[in-house]
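For what it's worth, this note's numbering labels the leading residue of the sequence shown as 100, then goes sequentially.
Here is the structure we will look at.
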Amino acid sequence: MANSNSILNSVFLVLLLFSAEVNISIATSYRGLESMRKKIDSQEILREICSNLGKTLTETKRRVVLVDADRVAPGGPDPRHH
Numbered sequence: 100m101a102n103s104n105s106i107l108n109s110v111f112l113v114l115l116l117f118s119a120e121v122n123i124s125i126a127t128s129y130r131g132l133e134s135m136r137k138k139i140d141s142q143e144i145l146r147e148i149c150s151n152l153g154k155t156l157t158e159t160k161r162r163v164v165l166v167d168a169d170r171v172a173p174g175g176p177d178p179r180h181h
C-alpha cells in the first residue's frame, strides 16, 4: 500500500513539473524580444487634464448663459405668493 502511494505521488510530481514547464514556455513566447514598456510622462498627463478641465468649464459657462437668455417669465409673479 505504501508503495502505491509513493508511485502516485511521484507520477503527480512529474505531471506537475511538465505542466509548469509548458506554462513557462507559453508565457515567454515573444520571439526573443522583451516587451517594451511605454514611457509615461506625468507632466503631459497633468497638462492634458487641466486643458480638458478648462474646456469643460468654458463650455459649461457658455451653456448656462444660453439657458438663462432663453428663460421668459410665464405671466409675471403669482399674486397668491406675495
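Quick reminder that beta carbons are idealized off the backbone N, C-alpha and C, glycines included.
Just so we're clear, the structure is a prediction, and the values are computed from it rather than from any experiment.
Rounded C-alpha distance that separates THR155 from VAL163: Reading the sequence shown from its first residue, position 56 is the one you call residue 155. Reading the sequence shown from its first residue, position 64 is the one you call residue 163. Their backbone Cα atoms lie some 12 Å apart in a straight line.
For LEU138, the three-state DSSP class (helix, strand or coil): Position 39 of the sequence shown, counted from the start, is the residue given in the question as residue 138. The sequence as given places Lys at residue 138; Leu does not occur at that position. When secondary structure is reduced to three states using DSSP, LYS138 falls in the coil class, being assigned neither helix nor strand.
C-alpha gap between ASN122 and LEU114, whole angstroms: The residue labelled residue 122 in the question sits at position 23 within the sequence shown. The residue labelled residue 114 in the question sits at position 15 within the sequence shown. Here ASN122 scores only 49 on pLDDT, less than 50, and its place in the model should not be relied on; the value that follows carries that caveat. Near 12 Å, if we compare the C-alpha coordinates of LEU114 and ASN122.
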